[in-house]
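Right, one structure below, let's go through it.
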Amino acid sequence: MGWRKYQKSYVKKRKGRGGKGLFWKKEWNKPCCMVLTLLLVVFCISHYHTSIRLASAAYLSKKLSGSCMRGAIISPASFKQTSENEYTMNIGHKKKAISTLLPFLQNAAVDLFQQYKIPVGAVVALDPSTGAILAMASQGNNPINHRLPLTLSSSYPAASIFKIVTLSAALEQEIIQPDDILKATKRLKYDGKWIQDSSNVSSGPISVGNALAKSCNTAFATMAIDVGHPCLEKYAARFGFNSKLCPDMPVEVSSAVISDETYDIAASGAGFGDINMSPLHGALIAASIANKGKIMKPTLVKQIVNTEGKILATPSSQVMRTPITPETAEIIKTMMVQTVHGEGNAHKAFYDRRGNPYLSGIKVAGKTGSLSCKSQPKNCTWFVGFAPADNPEIAIAVLIVNYDTWRAKACTVTRKLLEAYFEGKDKNSTLHMVNKRHVRDAGS
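Going by this note's numbering, the first residue of the sequence shown is number 148, and it counts up by one from there.
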């Protein structure tokens, strides 16, 4: 389904339900309010654990009972940047929650939206090994007037990010081997419809890694046909499509509607089907490759402390789903590195004209996605990935929508955010060491 047809069908469905509902009309460009909207984070405390929910209500629905807080609903605006390195919110008498958000990374996302004058964009970054959300920001109105911010809404097509799902299915079902040579044919015809490659893909033999790095549509269309309809649907479900992604978050379902028609199977596998994805989901897909096939439950709460700073509770990391094996994740990771450091689509965004990397000494794994709308002045670009590739600390998804004027592509914004992350991390590490030294000197 094309972008125009997708929009029309969605709007038609909305109208058919009747009622207008409440919609977000303001741009989400402030660090505290643009993130966390309707985000539900639950973790339970029994003696040492607390149950907290973050949603859109602007009040606490229940009071503290003893040492437990059960079912409390807290406004997203309650999270405030209370220091240079911390967001917190008061959750009861002499208690507060410390957020996992990194202010320097959150602010960097907001600054980039403004710097490039991006009309519509969203960023989600998280720790792939724990699920801790490091940044969540969006800019511009949701085009289909959802109640959700873009970070949690599947308003836009997943595009070629879905190739990760297709490749996972093909590898695990042994349809292909990592060292196989595929064929790029410029275009293929199924059921009277064409699937075409972009101009950066030459006709002829192409490795599996380069097919992913260059996003070769014809190679992946053929791969999807070989995988078959039932298997492609099964792996879409394993990665979280067509079902509630996170049980404790109001994130919109990422839909993957794949019929058993030959063209639809081929187009879906290549990233042109009726498949939509939220930026949070994109970050979790990247995290699954970074975290050896495991997707951790996302969380925004790092700790619960009292006014003296004593830690009352720390949420534990939880595996939410395991779509692929560690072996498959390692193979795909190696291929995603080619997207950035090989001849892939993101190479120019991460290297200057002299061939020098902007992120010196840091290997990045990634996958690009793009979809141009010929009937409307909209160009949607994605980047999902993680770094450092060999010891991942951050998984990220960036969605950028440009109108008639190109402001920036998702891979460029991602590189800038990764620069901000590693620079901010080093700065905070240095400050921490200096503070420790001062404390030691004062006590000597």
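Ideal placement from N, C-alpha and C gives every residue a C-beta, glycine not left out.
With 16 other Cβ atoms within 10 Å as the buried cut-off, status of residue i
i: Lys449; result: buried
i: Glu455; result: exposed
i: Trp529; result: buried
i: Asp327; result: exposed
i: Lys574; result: exposed
i: Ser230; result: exposed
Segment limits, alpha helix (DSSP H) that includes residue i
i: His356; result: Rather than His, the amino acid found at residue 356 in this sequence is Gly. From DSSP, the alpha helix (DSSP H) with Gly356 extends over 355 to 360.
i: Lys381; result: 376 to 385
i: Val270; result: Looking at the DSSP string, Val270 is not in any alpha helix (DSSP H); the run it does join, the beta strand (DSSP E), is 267 to 273.
i: Val466; result: Per DSSP, Val466 belongs to no alpha helix (DSSP H); it is in the beta strand (DSSP E), 466 to 468.
7 Å CB neighbourhood of residue i in its chain, flanking five on each side removed
i: Ile372; result: Thr409, Ile412, Ala413
i: Asp537; result: Lys510
i: Gly168; result: Any reading at Gly168 must be qualified, since the residue scores a pLDDT of 35, below 50, and its modelled position is unreliable; the value itself is stated next. Excluding positions up to five away in sequence, the list reads Arg294.
Closest Cα partner of residue i within the set the options
i: Pro304; options: Phe419, Thr486, Thr469; result: Phe419
i: Leu506; options: Phe497, Lys514, Met370, Thr313; result: Phe497
i: Ser246; options: Ala317, Met236, Asp551, Asn254; result: Met236
i: Ser276; options: Glu570, Ser300, Ile442, Tyr234; result: Ile442
i: Phe569; options: Ala534, Leu431, Arg554; result: Ala534
i: Ile499; options: Ile478, Thr559, Leu427, Cys527; result: It should be noted that the sequence gives Asp, not Ile, for residue 499. Ranking the options by Cα distance to Asp499, first place goes to Thr559.
i: Ile541; options: Lys333, Pro445, Asn526; result: Pro445
i: Lys227; options: Ala306, Leu248, Pro426; result: Leu248
i: Gly571; options: Gln485, Arg501, Lys264, Leu281; result: Leu281
Assigned secondary structure, residue i (DSSP; H/G/I helix, E/B strand, else coil)
i: Leu249; result: coil
i: Ala536; result: coil
i: Leu680; result: Because residue 680 is not part of the residues shown, which for the chain are 148 to 591, the question remains open.
i: Phe530; result: strand
i: Val511; result: coil
i: Ala366; result: helix
i: Gly590; result: Any answer about Gly590 is weak, because its pLDDT of 43 lies below 50 and its placement is not dependable; what the coordinates show is given next. Residue state, collapsed to three classes: helix.
i: Asn575; result: helix
i: Asn592; result: A question about residue 592 goes unanswered here, because the residues of the chain that appear run from 148 up to 591.
Sequence-distant residues of its chain with Cβ nearer than 6 Å to residue i (five each side left out)
i: Val348; result: Ala331, Lys361, Cys363
i: Ala476; result: Ile436, Lys439, Gly440
i: Ala317; result: Ile323, Met370, Val374
Host beta strand (DSSP E) of residue i (start-end)
i: Asn549; result: 541 to 549
i: Met236; result: 233 to 239
i: Met283; result: 280 to 286
i: Tyr337; result: 334 to 337
i: Asp485; result: With the sequence shown as reference, residue 485 is identified as Gln, and Asp is not the correct amino acid for it. Where Gln485 is concerned, there is no enclosing beta strand (DSSP E), although the alpha helix (DSSP H) it sits in stretches over 473 to 488.
i: Ile328; result: 328 to 331
i: Lys340; result: 340 to 343
i: Ile451; result: 448 to 453
i: Ser230; result: 227 to 230
Residue-level contact to chain D via CB, residue i, 8 Å cutoff
i: Glu233; result: The structure shown has no chain D; it contains just one protein chain.
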